[in-house]
Amino acid sequence: LLLNPLTLLLILYFSSAGLGRLIWTKRLLRLFGKGPTKEMERAKAEEFEKAPYQVFECDNCGMELRPAKGRAEVIFGRERFRCARCGAKASAYFDIANLDDPRA
């Protein structure tokens, strides 16, 4: 009973926690040809770059805002702008695609 491959996979799956569980799940699905392939992940990354919006994340709470490209200055330029989740000022938001920003 303990040497059954399915049992061993379930033990590995449930012994992992959080992100580890996700990684093991992806590996198992890829092993059986059901999960996302590297080509699919690459295509998703290219699609993200072509998106008509930018992604900004709050440094305090992690909330994401996705304004249309070119609209971020208008939205974050408002004097009274605050994060809807934690109330942080506009300066707490950063563009996750900007690799020059150490927070990204």
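Each residue of the sequence shown is one higher than the one before, starting from 1 at the first, in our numbering. Note that the Cβ used here is the ideal one computed from N, Cα and C, for glycine as well.
Per-residue burial, residue i [other beta carbons within 10 Å of its own, 16 or more giving buried]
| i | result |
| --- | --- |
| A45 | exposed |
| C86 | exposed |
| A92 | buried |
| C58 | buried |
Beta-carbon proximity check, residue i vs residue j, cutoff 8 angstroms
| i | j | result |
| --- | --- | --- |
| A68 | P52 | yes |
| F56 | F32 | no |
| L9 | L29 | no |
Residues that DSSP places opposite residue i in a beta bridge
| i | result |
| --- | --- |
| D59 | Paired residue(s): none; D59 is not in a bridge. |
| K44 | Looking at the DSSP assignment, K44 forms no beta bridge with any residue, so it has no partner. |
| F94 | E57 |
| L65 | F56 |
| R82 | K89 |
Item to check | Segment contact, 8 angstroms Cβ cut-off, at least three pairs: the segment 75 to 83 with the segment 97 to 104 | outcome: no
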